[in-house]
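Asks:
There are 2 protein chains.
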Amino acid sequence: MKIEELITCPETKARTGRIETDHGSINTPVFMPVGTAGSVKSLSPVDLLETGSQIILGNTYHLLLRPGMEIMESAGGLHKFMSWAGPILTDSGGYQVFSLGQLNKITEEGVVFQSRIDGSKHSLSPEISMDIQRVLGSDIVMAFDECTPYPATPQQAQTSMELTHRWEQRSLSYFRSTQPKYGHGQQLFGIVQGSVYPELRKVSAQTLVDMDFDGYAIGGLSVGEPKADMYEITEVVTEHLPQDQPRYLMGVGKPEDLVEAVSLGIDMFDCVLPTRNARHGIMFTWDGPVSLKAAREKDAHIPLDADCRCYSCQNFSRAYLRHLFKASELLVYRLASIHNVHFYHELMSTMRQSIIAGAFPAFKRDFFARYNLKRAELKSSL
Amino acid sequence: MKIEELITCPETKARTGRIETDHGSINTPVFMPVGTAGSVKSLSPVDLLETGSQIILGNTYHLLLRPGMEIMESAGGLHKFMSWAGPILTDSGGYQVFSLGQLNKITEEGVVFQSRIDGSKHSLSPEISMDIQRVLGSDIVMAFDECTPYPATPQQAQTSMELTHRWEQRSLSYFRSTQPKYGHGQQLFGIVQGSVYPELRKVSAQTLVDMDFDGYAIGGLSVGEPKADMYEITEVVTEHLPQDQPRYLMGVGKPEDLVEAVSLGIDMFDCVLPTRNARHGIMFTWDGPVSLKAAREKDAHIPLDADCRCYSCQNFSRAYLRHLFKASELLVYRLASIHNVHFYHELMSTMRQSIIAGAFPAFKRDFFARYNLKRAELKSSL
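Same order as they appear, the protein sequences are chains A and B. Under the numbering used here, the first residue of the first sequence is numbered -1, with each subsequent residue one higher. Under the numbering used here, the first residue of the second sequence is numbered -1, with each subsequent residue one higher.
(1) Rounding to the nearest angstrom, what Cα-Cα distance links K39(A) and I280(A) in this structure?
(2) Can you tell me whether DSSP reads Y214(A) as helix, strand or coil?
(3) Report buried or exposed for P272(A), applying the criterion of at least 16 other Cβ atoms within 10 angstroms of its Cβ.
(4) Considering only residues of the same chain and omitting the five flanking positions on each side of D143(B), which have a CB-CB separation below 7 angstroms?
(5) Across which residues does DSSP place G22(A) in a beta bridge pair?
(6) Go to M140(B), then tell me how far its beta strand (DSSP E) extends in each direction, as first and last residue.
(7) Restricting to runs no shorter than 3 residues, where is the beta strand (DSSP E) found entirely within the stretch 168 to 254 of chain B?
(8) Counting only beta-carbon atoms, is K377(A) nearer than 8 angstroms to chain B?
(9) For N394(B), name the three-state secondary structure that DSSP assigns.
(10) Is DSSP giving I300(A) helix, strand or coil here?
(11) For L290(A), which of helix, strand or coil comes out of DSSP?
(12) Using a Cβ cut-off of 7 angstroms, pull out every chain A residue sitting near Y331(B), in sequence order please.
(13) Using a cut-off of 8 angstroms between C-beta atoms, extract the partners of L41(A) located in chain B.
(14) Answer yes or no: does any C-beta atom of chain B fall closer than 8 angstroms to that of G135(A)?
(15) Once you ignore the five residues that flank D227(B) on each side, which residues in its own chain have a CB closer than 7 angstroms to its CB?
(16) Quick one: which chain A residues come within Cβ less than 8 angstroms of L46(B)?
(17) Relative to the alpha-carbon of T6(A), which residue among V44(A), S315(A), D265(A) has its alpha-carbon at the smallest distance?
(18) Which residue wins for smallest C-alpha separation from D305(A), given the options E344(A), A317(A), D268(A)?
(19) Show which residues of chain A have a CB atom less than 7 angstroms away from the CB atom of F314(B).
(20) For A259(A) and chain B, any beta-carbon pair shorter than 8 angstroms?
(21) Under 7 angstroms, CB to CB, which of the residues in the stretch 62 to 87 of chain B have a partner in chain A?
(22) Please compile the residues from chain A whose C-beta is within a distance smaller than 7 angstroms of the C-beta of A35(B).
(23) Quick one: what's K463(A) bridged to in DSSP?
(24) With R316(B) and I300(B) assumed to form a contact (beta carbons below 8 angstroms), what rounded beta-carbon distance in angstroms separates them?
(25) Among residues of its own chain, excluding the 5 on either side of A298(A), which ones have a beta-carbon nearer than 6 angstroms to its beta-carbon?
(26) Taking Cβ-Cβ distances shorter than 7 angstroms, what residues in chain A pair up with L322(B)?
(27) Run through the DSSP bridge pairs and tell me what L101(B) is partnered with.
(28) Just how far apart, CA to CA, sit K225(A) and A357(A)?
(29) What does DSSP give as the partner residues of C269(A) in its beta bridges?
(30) Answer yes if the stretch 68 to 82 of chain B comes into contact with the stretch 126 to 140 of chain B, meaning at least three C-beta pairs across the two stretches below 8 angstroms, and no otherwise.
(31) Identify the contact partners of Y318(A) in chain B, using a Cβ-Cβ distance below 8 angstroms as the criterion.
(32) Within 10 angstroms of its Cβ, does D208(A) collect 16 or more other Cβ (buried), or is it exposed?
(33) With H, G and I counted as helix, E and B as strand and the rest as coil, what does DSSP make of K377(A)?
(34) Less than 8 angstroms between CB atoms is the rule here; does K296(A) satisfy it with respect to chain B?
(35) H299(A) CB to nearest chain B CB: under 8 angstroms?
(36) Only counting the same chain, and skipping five residues up and downstream in sequence, which positions put a Cβ closer than 7 angstroms to that of M30(A)?
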């Protein structure tokens, strides 16, 4: 998998291009909304398209537990099941086993865990994860890795990384020995680990590049480490990844993180933040986050952002949205999610345009000047 | 307010026509989705239009308590607040005070009650209800009545009805002495009471017709009385209402109730059933209600109704909707509500067409043959 028509902004590492999948093209850098259980929470496929979504993420762990692979296979895969015709990326399931699951056992072979839903026992291994992602039919498949816990000593991080490398080699070999199920192609991404240690990260990146994946992800960040570490590791890793292949920073992040990481050469992101915050009334704007539950919004008969072209801002006032939140009206979770997902996509689109125009450094400076200022104000008033 | 281009189906009392409001025309018979707190639960204005909604209902009681009339007035009324450009009917608030509120006192003047939300004290009277509905700016305003409790003795029913008549006369006089606030006209409907006693209902209908309202509603039904009583009273009342004005059966009902009541000459309905049942996974079809939570749907990769043109049936399978219900995914409450509201509107539209074609008796016979048969099957399998 190549990044086509790659343009790098002079004096920075920020880059824009296009990834091709059998379910359509993706303009990068791109943000992928998270459709955990076969649905990006509260949003329909039409909502996703109207907010500007190009590709969404599905969670192997959740779909394995419910509805289960028998139903996913008889449905003909995740695209058909959820009626999403665009590209899908699925994770390997490993991260959720470590962070959410009741992990019973971890061996060289893989992991055994219990379902949070019904207590049933399940296994995941590189081969099982590849089989599941073949059944899901995602356009981009993630290799099975161990997400190194944070904090980890250098020795713990190295041991974990080396296990990850063996699992990723098995993922790759098994993936290449199997075929897609539904007539469209699938690509496999490797995941760089190594915790916050630049030397390990460099080794991990080089090891994976030697294996020759279709694209490369950076895992094990945004797990509690200082922001400076996250950016430093991102920079170290991208230096050791191929220029012409996609780079995906997993589970990141806040708008400011996306801007920083794009400037370090990242192409792809996913995060639950825009949808999760929406459900709690925290709305993203170019002036920083705004709480729609705040008392000051009660008679604010103006849009959240008068310049925003999303359905919610075009039709509803802050006062109405606040009223719906206060009344726990279901409609508001969707309206708020539409705005936040649209904002994330607008942010990415603006970055793409600024890179093409050779103006990314100016964009970044202006973004932080505006975004940070107002956030500081908000913090003191919340 | 007149029913324009009124057509009555030969050999029946079923009728179709058109009501004009300053927010658009309404083809009758019509079903009005209930937008209790300024939102038809889970549905946006676009969803309402796409399901075929012509007019929606707003609840004075809920909007009075939250967001309150100060915010409703600064918003410029309910249409602007919720971004619904079509007609709105508001109730008087009385019914909810009796059924939901903590009623403190009822006098000749009106009622005093406490808010369920914050315990604050509120009053409603004919004059206050008219003032509130002027602020809401609904196209159709309901007179303030007492919903006679069921069961009631003939004496209780008569006493309650006579109070209702005095309140309705005050509603009418006060309404006529005030003006709309937002440049569009408002019409006032009277409400016939009299419990299950045909003689009282006849007196009530004649009394209200003498007062000369813009339209007439039948209140105090669907409150626990036998179905036979509901239909008998509906028939008695419609016989004493003007042919050329709209007739509204409040709070009704199930699809079979709508068909029966249309055959008795009713033009307008409202009910929370399509949206409430949707949120519980009970879906309406021409073959009767279907539970989407049933285990047998888990691998039903077919639409709920292959002939249905709603967004949900056009895009999603029973298996997917069941999965979303099991996972409590927010999306499903909207998808299910879209289907049920669309079904109700299709039912009304089919009835309108059958009346125009002079074929309503055949429609009614076919409807019950199909709907009842399958309902009986479902009951035994649930």
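Glycine included, every Cβ here is placed at the ideal spot set by N, Cα and C.
Replies: Inspection of the coordinates gives the following:
(1) As a first step, residue 39(A) must be located in the first sequence, where it is residue number 41. As a first step, residue 280(A) must be located in the first sequence, where it is residue number 282. Roughly 15 angstroms between the two C-alpha positions.
(2) Start at 1 with the first residue of the first sequence, and residue 214(A) comes out as number 216. Strand.
(3) If you number the first sequence from 1, residue 272(A) lands on position 274. Classification of P272(A): buried, given that the 10 Å Cβ count is 16 or more.
(4) Counting from one through the second sequence, the residue named residue 143(B) turns up at place 145. Closer than 7 angstroms at Cβ, skipping near neighbours: S90, G92, T162, W165, E166, I189, Q191, G217.
(5) The residue you call residue 22(A) lines up with position 24 of the first sequence. DSSP output for G22(A) lists T19(A) as bridge partner(s).
(6) As a working mapping, residue 140(B) is identified with position 142 in the second sequence. Run containing M140(B): 138 to 140, per the beta strand (DSSP E) assignment.
(7) Fully enclosed beta strand (DSSP E) runs of 3 or longer: 185 to 190, 213 to 216, 245 to 247.
(8) Locating residue 377(A) in the first sequence gives position 379, where the first residue counts as 1. Model confidence at K377(A) stands at a pLDDT of 49, short of 50, so the residue's coordinates are unreliable; what they give is reported in the following sentence. With its beta carbon at least 8 angstroms from every one in chain B, K377(A) lies outside the interface.
(9) The structure shown has nothing for residue 394(B), since chain B only spans -1 to 380.
(10) To locate residue 300(A), count along the first sequence from 1; it is residue 302. Note: I300(A) maps to coil in three-state DSSP.
(11) For this step, residue 290(A) is matched to residue 292 along the first sequence. Annotated three-state conformation of L290(A) is coil, per DSSP.
(12) For the purposes of this step, residue 331(B) is taken as the residue at position 333 of the second sequence. The contacting residues are L328.
(13) What you label residue 41(A) is simply residue 43 of the first sequence in a count that begins at 1. Those within 8 angstroms of L41(A) in chain B are L329.
(14) Position 137 of the first sequence, counted from the first residue, corresponds to residue 135(A). Not one chain B Cβ lies under 8 angstroms of G135(A).
(15) Here residue 227(B) is taken as the residue at index 229 of the second sequence, counted from 1. Contacts found: V194.
(16) Along the second sequence, read from residue 1 onward, the residue named residue 46(B) stands at position 48. Chain A residues near L46(B): none, gap ~11 angstroms exceeds 8 angstroms.
(17) One-based indexing of the first sequence puts residue 6(A) at position 8. Closest by alpha carbon: D265(A).
(18) The residue given as residue 305(A) occupies position 307 in the first sequence. Taking only the C-alpha atoms, the option nearest D305(A) is E344(A).
(19) Along the second sequence, read from residue 1 onward, the residue named residue 314(B) stands at position 316. By Cβ distance, chain A contributes S81.
(20) The count along the first sequence starts at 1 and reaches residue 259(A) at position 261. A259(A) is outside the set of residues whose beta carbon lies under 8 angstroms from a beta carbon in chain B.
(21) Listed by position, the residues of the stretch 62 to 87 of chain B near chain A (Cβ gap below 7 angstroms) are R64, P65, I69, S72, A73, F79, M80, S81.
(22) Position 37 of the second sequence holds residue 35(B). Within 7 angstroms Cβ-Cβ: A325, E327.
(23) Residue 463(A) falls outside the range modelled here, since chain A spans only -1 to 380, and no answer is possible.
(24) Locating residue 316(B) in the second sequence gives position 318, where the first residue counts as 1. Locating residue 300(B) in the second sequence gives position 302, where the first residue counts as 1. 6 angstroms between Cβ atoms; contact.
(25) Position 300 of the first sequence, counted from the start, is the residue given in the question as residue 298(A). Within the same chain, and ignoring the five residues on either side of A298(A) in sequence, the residues whose Cβ sits closer than 6 angstroms to its Cβ are R316, A317.
(26) Counting from 1 along the second sequence, the entry for residue 322(B) is found at position 324. Around L322(B), the beta-carbon contacts reaching into chain A at under 7 angstroms are S37.
(27) The count along the second sequence starts at 1 and reaches residue 101(B) at position 103. Per DSSP, F111(B).
(28) Taking the first residue of the first sequence as 1, we reach residue 225(A) at position 227. Taking the first residue of the first sequence as 1, we reach residue 357(A) at position 359. Whole-angstrom Cα-Cα distance: 25 angstroms.
(29) On the first sequence, position 271 is the one that residue 269(A) refers to. Beta-bridge pairing by DSSP links C269(A) to P31(A).
(30) The stretch 126 to 140 of chain B makes contact with the stretch 68 to 82 of chain B; the number of CB pairs closer than 8 angstroms reaches 3 or more.
(31) Translated into positions along the first sequence, residue 318(A) becomes position 320. Simply G36, A73, F79, M80, S81.
(32) Translated into the one-based positions of the first sequence, residue 208(A) becomes position 210. Flag for D208(A) reads exposed.
(33) Your numbering for residue 377(A) matches position 379 in the first sequence. Confidence at K377(A) is low in this model, with a pLDDT of 49, below 50, so its placement is unreliable and the value that follows should be read with caution. Reduced to three states, the DSSP call for K377(A) is helix.
(34) Position 298 of the first sequence, counted from the first residue, corresponds to residue 296(A). Yes, because at least one Cβ of chain B sits closer than 8 angstroms to the Cβ of K296(A).
(35) For the purposes of this step, residue 299(A) is taken as residue 301 along the first sequence, with counting starting at 1. Yes, because at least one Cβ of chain B sits closer than 8 angstroms to the Cβ of H299(A).
(36) Here residue 30(A) refers to the residue found at position 32 when the first sequence is read from its first residue. Residues I53, I54, L55, L87, M266, F267, D268 of the same chain have their beta carbon placed closer than 7 angstroms to that of M30(A), with the five preceding and five following residues left out of the count.
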